[in-house]
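Data block below; observations after.
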Amino acid sequence: MSDRIERSVLIEAPLDRVWDLVTEPGWWVPSQTPAPIDRTPGAIAIRESEQWGRFPVQLVSFDPKTYAAFRWASTSPGEDLTGDNTTLVEFHLASEAEAIRVTVVETGFAALPIPEEARRKSFDGNTQGWGEQLDSLRDRAQQPG
Numbered sequence: 001m002s003d004r005i006e007r008s009v010l011i012e013a014p015l016d017r018v019w020d021l022v023t024e025p026g027w028w029v030p031s032q033t034p035a036p037i038d039r040t041p042g043a044i045a046i047r048e049s050e051q052w053g054r055f056p057v058q059l060v061s062f063d064p065k066t067y068a069a070f071r072w073a074s075t076s077p078g079e080d081l082t083g084d085n086t087t088l089v090e091f092h093l094a095s096e097a098e099a100i101r102v103t104v105v106e107t108g109f110a111a112l113p114i115p116e117e118a119r120r121k122s123f124d125g126n127t128q129g130w131g132e133q134l135d136s137l138r139d140r141a142q143q144p145g
């Protein structure tokens, strides 16, 4: 099994708008309640999803307008982050002509302390999910206003 998911999307929107959306901790977790936004490395935001559960998301690091990295426990809804139950989610932003390419890379599945079948299911689900979430990010970023 691969330990890396990589997906990208081209977004026709200003870099500042895309950056603000990408650096909102856990933006990819559908949530009915907005989480406070703290863009301080080490800060943890809690995202609540009626469908998927509660997910703490930690901002690991960022380079302004080019890179942001988070840790989350996608296989352990409701659990706190412990290091060994997390995957690393990295967002890379690059200008391409009049648009911004956002690439997401998620790694760390091989080290998760869960059975292989659960690891595979999580990897496959997140592979599909990142395509959907990047489409949603593009739609949000390209909205007028």
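Position one of the sequence shown corresponds to residue 1 (UniProt numbering), numbered consecutively onward. Ideal placement from N, C-alpha and C gives every residue a C-beta, glycine not left out.
Asked, Found
"Unbroken beta strand (DSSP E) run spanning D16, endpoints", "Looking at the DSSP string, D16 is not in any beta strand (DSSP E); the run it does join, the alpha helix (DSSP H), is 15-22."
"Separation of A118 from L15, as counted between CA atoms", "37 Å"
"Rounded Cβ spacing between A69 and E90 (contact assumed at less than 8 Å)", "5 Å"
"With 16 other Cβ atoms within 10 Å as the buried cut-off, status of L134", "buried"
"Secondary structure, beta strand (DSSP E): runs of 3+ residues fully inside the stretch 75-118", "87-96, 99-107"
"At least 3 beta-carbon pairs within less than 8 Å: the stretch 52-65 vs the stretch 104-116", "no"
"Residues that DSSP places opposite V57 in a beta bridge", "A45, W72"
"DSSP state of D63 mapped onto helix, strand, coil", "strand"
"Extent of the continuous beta strand (DSSP E) run through I11", "4-11"
"Spatial distance of P77 from W52 (CA atoms)", "7 Å"
"Close-in-space but distant-in-sequence residues of the same chain around residue 156 (CB under 6 Å, 5 per side omitted)", "Only positions 1 to 145 of the chain appear in this structure, which leaves residue 156 out of reach."
"Euclidean distance between Cα positions of I11 and V29", "20 Å"
"Simplified DSSP assignment, three categories, for G125", "helix"
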